[in-house]
Amino acid sequence: MILRLSLRAQRGLLLAAFAALCFLSYFSIRVARAAHAAGLNTRAGYEHAVRLEPSDPRNWYLLGRFYQYDFEQSDPNAALNALLVARSLDPLSADTLLDLAANYDEAGKTAEARASYLEAKRVYPLSSEVLWRYGNFLLRNNEIDAAFPEIRKAVELDPKRGPEAFSRCHRVVPDVNEILDRVIPRNFQIYVYILLDSTSSAQFDLALQVWQRAKILPGTVNLTELTPLANALVQSNRMEEAVRFWQEAAAKIAVPIPPDAPGSILWDGGFESGFFGGGLSWHFPPNENGVQIKPDQREKHSGAQSLQIAFSGRSNVYFAELCHWAPIDSGKTYRLSAWVKTKALTTDEGIRFGIFSRVAGRAETILTNDVHGDQPWTNLALTWTAPVSDSPTQVCAVRSQSALQDGDIAGIAWIDDVTLTPVAAPVPSSEAAGPNNR
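Adding 11 to a residue's 1-based position in the sequence shown gives its number in the working numbering.
See below:
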């Protein structure tokens, strides 16, 4: 059945549709203009937005925030009025309630601020931001017992708040263990965040205190994250602490490496970890001055891999960049041992090993013999008595410059199983080269 309308009805229907279209278009345009005005992020823009859309709580909230946090021309009273309008339009907005609480707090209206924080917490009980800001409000008012649980819950929900939570609470309660017990969740990664933050602010003793608690928690270590503290301890000549920290950290890596030779004070002398570049590991530039360094699983003296050093043949390079910090004790005698293999390693100067130290501001170096040409796995060794050094000592792979006219070095060397071991008495002097002072 087809319904037929009279001509007048058709015209009326058309007119009503057109009116509805105009009405919707008007409001759509107004909403769009208000959104554009608010998007300008200016005082005039927000004020224009609330005039265009006075029933939109978001516009009032943004206007209130601008009044409150405008560095050049803040207006707390205008901010309060705008935020109160926003709250009346949307009582369940945690953002509005938090900024309203901040406004009250800055004005010294503690009771009103507390009520607004509690209302925000009721509306959004699992918000890290709400718990964090309420906890800090309590902390500022010296309500420590009430503040700590709120801040702890905030950190549980957002672990990256850990360093700031630790820092703020530590200013109020100087006992590190109390802060860790009451504020910081027993989460290994959160402790690492705090350790890194303490390291970056040169609070190394504090970082080590945090580590003493962190190391007993479940979790695995990314050594890259912990190298800044190890580096800082080495550079501060706190070698004993650096070694202990590094050994404890390395014990928590996801895939443990085979143990080093008994008694050796060098970590990962067999290059099994695959970790290079910081802390008490081997450090070197991967590609510099025509020298390329990388692990090699095809050639090894023992274990799963060795370290390959390839020379391009483009320069008569002096190379001593592949090094390891050595935690030596002054007056002790040590035996340095390393295994080296070479293939087509040209010139009269190949790969050797050396110990680099400084005594009374003067550099001292003792070197093994070198290996060049085509040689199977060959042991290089020396004995050395540690002097009283005024800076950390290093063990390095070395290629000295050749005195030949055509001294550009090409070819490959592999190194493996490097150890530095305390000995009760020197081994025969035939194993060692004499010291070369540089």
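Glycine included, C-beta positions come from ideal geometry on N, C-alpha and C.
A quick note: this is a predicted structure, and the numbers were derived from the prediction, not measured.
Nearest to Glu161 by alpha carbon, out of His181, Ile426 and Leu129?
Start at 1 with the first residue of the sequence shown, and residue 161 comes out as number 150. Answer by Cα proximity: Leu129.
Which two residues bound the contiguous alpha helix (DSSP H) that contains Phe148?
Taking the sequence shown and counting its residues from 1, the one referred to as residue 148 is at position 137. Run containing Phe148: Ser139 to Arg151, per the alpha helix (DSSP H) assignment.
Just mark Tyr329 as buried or exposed, buried being the case when its beta carbon has 16 or more other beta carbons within 10 Å.
Counted from its first residue, the sequence shown places residue 329 at position 318. Exposed: under 16 other Cβ atoms inside 10 Å.
Which of the three DSSP states is assigned to Ile276 in this structure?
As a working mapping, residue 276 is identified with position 265 in the sequence shown. Coil.
Closest by CA to Glu189, which one among Ser212, Ala118, Val221 and Leu393?
For the purposes of this step, residue 189 is taken as residue 178 along the sequence shown, with counting starting at 1. For the residues Ser212, Ala118, Val221 and Leu393, the minimum Cα distance to Glu189 belongs to Val221.
With H, G and I counted as helix, E and B as strand and the rest as coil, what does DSSP make of Gln214?
Against the sequence shown, residue 214 aligns to sequence position 203. DSSP places Gln214 in coil when its eight states are reduced to three.
List the endpoints of the continuous alpha helix (DSSP H) containing Lys132.
For the purposes of this step, residue 132 is identified with residue 121 of the sequence shown, where counting begins at 1. Note, Lys132: alpha helix (DSSP H), Thr121 to Val134.
So Asn70 and Ala90 are supposed to be a Cβ contact under 8 Å. How far apart are they, rounded?
Along the sequence shown, one-based indexing puts residue 70 at 59. Along the sequence shown, one-based indexing puts residue 90 at 79. Contact doesn't hold; Cβ gap of about 14 Å is too wide.
Is there contact between the region 199-211 and the region 169-177, where contact requires at least three CB pairs shorter than 8 Å?
Yes, they touch.
Roughly how many whole angstroms lie between the Cα atoms of Cys180 and Arg193?
As a working mapping, residue 180 is identified with position 169 in the sequence shown. As a working mapping, residue 193 is identified with position 182 in the sequence shown. Taking the straight line joining both Cα atoms gives about 10 Å.
According to DSSP, is Gln316 helix, strand or coil?
Taking the first residue of the sequence shown as 1, we reach residue 316 at position 305. DSSP places Gln316 in coil when its eight states are reduced to three.
Contact defined as beta carbons within less than 8 Å: I believe Ser139 pairs with Ala165. What is the distance between those atoms, to the nearest angstrom?
Translated into the one-based positions of the sequence shown, residue 139 becomes position 128. Translated into the one-based positions of the sequence shown, residue 165 becomes position 154. About 5 Å; that satisfies the 8 Å criterion.
Have a look at Ala97, Arg346 and Trp425 and flag the residue whose alpha-carbon is nearest the alpha-carbon of Asp307.
Sequence index remark: in the sequence shown, residue 307 carries index 296 (1-based). Measuring from the Cα of Asp307, the nearest candidate turns out to be Trp425.
Where Thr358 and Glu283 are concerned, what is the direct C-alpha to C-alpha distance, given to the nearest angstrom?
Stepping through the sequence shown from its first residue, residue 358 is reached at position 347. Stepping through the sequence shown from its first residue, residue 283 is reached at position 272. Their Cα atoms are separated by approximately 30 Å.
Residue ranges of each alpha helix (DSSP H) run of no fewer than 4 residues wholly in the region 54-83, ordered along the chain?
Counting whole runs of 4 or more residues, the region 54-83 contains the alpha helix (DSSP H) stretches 54-63 and 68-80.
Between Asp208 and Gly361, what straight-line distance do the alpha-carbon atoms span, to the nearest angstrom?
Sequence index remark: in the sequence shown, residue 208 carries index 197 (1-based). Sequence index remark: in the sequence shown, residue 361 carries index 350 (1-based). Their backbone Cα atoms lie some 44 Å apart in a straight line.
Cα separation between Pro403 and Phe148?
As a working note, residue 403 is residue 392 in the sequence shown. As a working note, residue 148 is residue 137 in the sequence shown. Straight-line Cα distance between these residues: approximately 47 Å.
Please list, in chain order, all residues of the same chain as Thr432 whose beta carbon is under 6 Å from its beta carbon, the five residues on each side excluded.
For the purposes of this step, residue 432 is taken as residue 421 along the sequence shown, with counting starting at 1. Closer than 6 Å at the Cβ level, and outside the excluded window around Thr432, lie Gly274, Ser275 and Arg346.
Taking the alpha-carbon positions, what's the Asp401 to Val370 distance?
Stepping through the sequence shown from its first residue, residue 401 is reached at position 390. Stepping through the sequence shown from its first residue, residue 370 is reached at position 359. Their Cα atoms are separated by approximately 6 Å.
For Asp110, which residues in the same chain have their Cβ closer than 7 Å to its Cβ, ignoring the five residues on either side in sequence?
Indexing the sequence shown from 1 puts residue 110 at position 99. Contacts found: Gly75, Arg76, Gln79 and Leu94.
Could you pull out every unbroken beta strand (DSSP E) segment of at least 3 residues lying fully inside the region 311-382, listed in chain order?
Runs found: 317-323, 330-337, 344-356, 363-370 and 373-378.
Between which residues of its own chain and Glu123 is the CB-CB distance below 6 Å, once the five residues before and five after are set aside?
Numbered from 1 along the sequence shown, position 112 holds the residue referred to as residue 123. Cβ within range, chain order: Tyr115.
So the candidates are Ala158, Phe82, Glu64 and Leu234; which of them puts its Cα closest to the Cα of Val183?
Against the sequence shown, residue 183 aligns to sequence position 172. Of Ala158, Phe82, Glu64 and Leu234, the residue nearest in Cα terms is Ala158.
Under 8 Å by Cβ, that's how I've got Leu100 and Ser66 pegged, so tell me the actual separation to the nearest angstrom.
The sequence position of residue 100 within the sequence shown is 89, counting from 1. The sequence position of residue 66 within the sequence shown is 55, counting from 1. Yes, they are in contact, since the Cβ atoms of Leu100 and Ser66 sit about 7 Å apart, within 8 Å.
Can you find the residues in the same chain that come closer than 8 Å, C-beta to C-beta, to Leu228, ignoring five residues on each side of it along the sequence?
Start at 1 with the first residue of the sequence shown, and residue 228 comes out as number 217. Excluding sequence neighbours, Leu228 sits near Arg197, Asn198, Phe199 and Tyr202.
What separation, rounded to the nearest whole angstrom, lies between the Cα atoms of Ala435 and Lys311?
Mapped onto the sequence shown, residue 435 falls at position 424. Mapped onto the sequence shown, residue 311 falls at position 300. Going from the Cα of Ala435 to the Cα of Lys311 covers about 30 Å.
Which residues share a DSSP beta bridge with Leu457?
The question about residue 457 has no answer, for the chain in this structure spans 12 to 449.
Following the continuous beta strand (DSSP E) through Ile304, name the residue where it begins and the one where it ends.
Working through the sequence shown from its first residue, we reach residue 304 at position 293. Element bounds for Ile304: Val302 to Asp307.
Would you list, in sequence order, the uninterrupted alpha helix (DSSP H) runs of no fewer than 4 residues that lie entirely inside the region 156-206?
With a minimum length of 4 residues, the continuous alpha helix (DSSP H) runs that stay inside the region 156-206 are 173-183 and 187-193.
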